[in-house]
Each structure stands twice: as structure tokens, then as C-alpha cells.
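Residue numbers (full-length UniProt numbering): 1 to 465. Yeah, the Cβ is synthetic: ideal placement off N, Cα and C, and Gly gets one too.
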């Protein structure tokens, strides 16, 4: 006869049981509450996280609202995500939307994400007011394709992370107004994919990280930044952009710049350089710099403190542009070349006519992405050039672990080809006997210590020959 085991777990104090439940996914937490009367209802004391659950239909949204949120004894939600796209087919719910969000506003949400499709403008033209007046909100992500009617009062005193995706049709004072209403804002992301003239003010002295992603444009764009304490700036903008910095960002240490070549009124290289000159001047003191080839092609700014440079390559011709740019980075220590355009064939390298001597460079990384994996042997000429001319190189890495797509087809054949490529790479002898080399593939990993001619294979696949 089976002996009934004593339930010692249920004899623990409530605070310990609540801690145990807090480590489980939300559905498991609620189901666990039905195991016994002792556990039932304990989940209502939790700080729940709905950030990973995006609600895409009315019944699901209502079920969570009525059966979970309203039962929390001490309302507190760590994260909440909602996609309102399907509401356009349920316009009869419009009178209830306000009350739903009012109810959410009383739950002390810390992270809130809302996707607001363009057709929603017909039935609900404004965002919930609690978003802009919440004292508990620390992270807000708004994704919409139309202009919102925003409340007159903003009171997001504790907001630290703000991400806005919007469609621009004119001067948007509300963007700057919203930013200024967040005195503790540390991270800002602005994304726009359409529009005409736009003037964006980022006036917030506490801002630490800023990301601006402006897509296709036909007219001039101006961005004004007054964030002297900013430490990280990422910009992806068209070539007709104009930047203006109210105060020099003296704390800026890392910058990532990508320039989109669009059909703007300004298309000549000298005009591009003129418009972007203030941006380059503002980031001239960074330590970590990431650029695409368009961004570095025409600049004459000296980055005297940059020790790490990452360049997104476009074609085989760009390598000479990169080498020319190295003269503007006198303190460079590590160079990373990223070849990440799917389907791009790099087969004929246009290298400098004479060897390039980099006196400070200690490390070179080559990272391959996308379908370039199909013909990686084309990079041997470039690798030979780098290893033979960078005389003080201490470490070289060739990384193609993120390319080639899924493991489909003849995986064994791919493994063998990768190993053969690895052997070819190790025939490229470095000019410096103190240079370590490392090959990181999808199937093979190999390394060669400084002064050694014999590679050491390790990883998921080691061939027999």
C-alpha cells in the first residue's frame, strides 16, 4: 500500500511560497495555485510580468484583464505588451477601451509596450492618458504609423527608457515636449519611416543613450540635441540630415553612425560632408566607433581617442576607403570589418598599391554574415594582405559563425569545406611572430598560438583528416 507523503512545502510561510511562485512563468504560477487550498490565491500577491505576452485579440485581452489583473491584491505589473491591430475589426468595443486602460493605469505598470496600427486612428485617435501621467512607468515603447492626439499634460517623472516609432508628416513639437517631460530619461530611441520636413529637439540633460533611426526621406531633416551627459549615440539617418548640438557631448564615449543614401535634395559628397560635419565633430572624442562605409567616406574628422573601430562593408572596393580612414584614427587598437550584406560576392579586392603600416593596431576581426558564407575563400587575399602588412598585430580573428543560414542540405559536406577553408587560412603567415590567430566557424573552431605553425582544432566538428 502506498504511503501518502507529507506535504512539507505547503507548511512554509507565505512569503517563502510567494518567492517560489515568483520564479515560475505566469501560467504555471496560476495553475500551481490550484494544487491546494493552501496555495490558492497566493499568486495575487505577486508582481506579475506580462511583457512577453502580446495580446492580439479582444477575448484574450479581456480574459487577462478580468481574471488576473483585477484580482491582484497589491496591484503591480512589471511589464505589459498589447497589440491593438485587431481592434479595428471590433469597433463596438470602442466605448470600453478607455475604461480598460484606466484599469491598467491603476496597476503600477513599470514597462509598457503598445502597438497602435494606422487604421486605429478611425476609431481611437488618441493614446491612453495614463501612459503620460504614470508615476510607476520606467520604460515605455510606442509603435504607431500615424500622428497621435496627445494630452496637454505630461507627467512621466520616473520614465528612464523611451522608444517611439512614428510616422512624420510635419513639425512635431510633441516629440520634444514628451522628452522634456521626462527629467530622469536615460535611454531614447526614435524611429520614423516616412515624412517631409521634421525638426526634432532632444533636450534632456540626463540622457545617457540615444538611438535615432530615420528611414526613407525626401526633404531635409534637422535634429537638435542638448544632452551634454550622453555616453552612447546611435544614428541611422539619410544623407540629407543636419545635426545641431546645443552643448558639446563631452561625456560621449561610444558612437554608431549609419548613413542612408536616399534621393534627397542634397546628394553630392561635399554637401553630405557639410551637413554631417557637426555630427562628426561632436563624436570626435569617442573611444568606440562604429561606422558604415558611407559615413566614413568623405569625413576629414580626426578621431584621436578612438581605440576600437567597426566598419560595415558594402563591396570589395571599400577596403581601400577603410585603409585611408585609418590615418584619422592614430590611437586605433582593434579593427573589426563586418561583411553582412546577404548575397554580396566579394571576389576582387582593390587593395592599396603599397603595404599599409599600422603602428598602433594590435587586433583585427573579420566577421562574415549572410550568404557570403558560400564563397569565403574569396577573403584569403584580404587576409593575406592584413596579416603580412600589420606588423605589430597581436591577435587576428576570422568569424563566420553567424552566416550560412540554417543547417540544411549536406551538413557533412559543409563541415568538411569549413575545415578545408580553415586550413587555407592558417597558411597565411603573419608578419609578426607574436600574432595569435583564431578561426570561429559554425562547425569548426581552431586557434594558433603566437609563434606556432600548428593550429589546434576544437569545437563541434573535428575532421579525421
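Straight through space, the alpha carbons of residue 305 and residue 332 are spaced by roughly 8 Å. Shown here for residue 253: same chain residues with a beta carbon closer than 7 Å to its own, the five before and five after excluded, namely 231, 286, 287 and 288 in chain order. Cβ-Cβ separation between residue 100 and residue 144: approximately 18 Å, too far for a contact (criterion under 8 Å).
One alpha carbon belongs to residue 31, the other to residue 113, and they sit about 26 Å apart. In the displayed model, residue 295 falls within a helix according to three-state DSSP.
Closest in alpha carbon position to residue 382, among 364, 165 and 107, is 364. Taking all protein chains in view, the Cβ of residue 110 is crowded by 16 or more other Cβ atoms within 10 Å, so the residue is classified as buried. Taking C-beta atoms under 8 Å as the contact rule, residue 438 and residue 449 fail to qualify, at a distance of about 10 Å. Nearest to residue 257 by C-alpha distance, out of 178, 239 and 140, is 239. The straight-line gap separating the alpha-carbon atoms of residue 294 and residue 303 is approximately 17 Å. If the five residues before and after residue 251 are omitted, its C-beta is found closer than 6 Å to the C-beta atoms of 229 and 231, all from its own chain and listed in chain order. For residue 242, the closest C-alpha among the options 209, 207, 281 and 206 is that of 281. Between residue 190 and residue 164 the beta-carbon gap is near 6 Å, inside 8 Å, which marks them as a contact. The DSSP-derived three-state label of residue 281 is helix. Residue pairing by DSSP places residue 238 opposite 260 in a beta bridge. Your pair residue 301 and residue 284 checks out as a contact, with CB atoms roughly 5 Å apart and the cut at 8 Å. For the pair residue 387 and residue 393, the CB atoms are nearer than the 8 Å cut-off.
For residue 412, the number of other beta carbons within 10 angstroms of its own is below 16, and it is reported as exposed. Exposed is the label assigned to residue 28, since fewer than 16 other Cβ atoms lie within 10 Å of its Cβ. For residue 143, the enclosing beta strand (DSSP E) has its first and last residue at 139-144. Assignment of residue 186 by DSSP, reduced to helix, strand and coil, places it in the coil class. Nearest neighbour of residue 177 by Cα position, chosen from 192, 156 and 160, turns out to be 156.
For residue 322, the enclosing alpha helix (DSSP H) begins and ends at 318-325. Residue 108 sits close to residue 77, with the two beta carbons spaced by under 8 Å. By the CB criterion at 8 Å, residue 367 and residue 336 fall inside the cutoff.
For residue 132, no beta strand (DSSP E) encloses it; the enclosing alpha helix (DSSP H) starts and ends at 130-133. Ranking 187, 182 and 183 by CA distance to the CA of residue 161 puts 187 first.
Straight-line spacing of the CA atoms in residue 395 and residue 82 works out to 47 Å. Pairing residue 142 with residue 322, the inter-Cα distance amounts to about 38 Å. Non-local C-beta neighbours of residue 43 in its own chain, meaning closer than 6 Å and more than five positions away in sequence, comprise 21, 29, 30 and 33, ordered along the chain. According to the DSSP secondary-structure assignment, residue 212 is paired through a beta bridge with 190 and 235.
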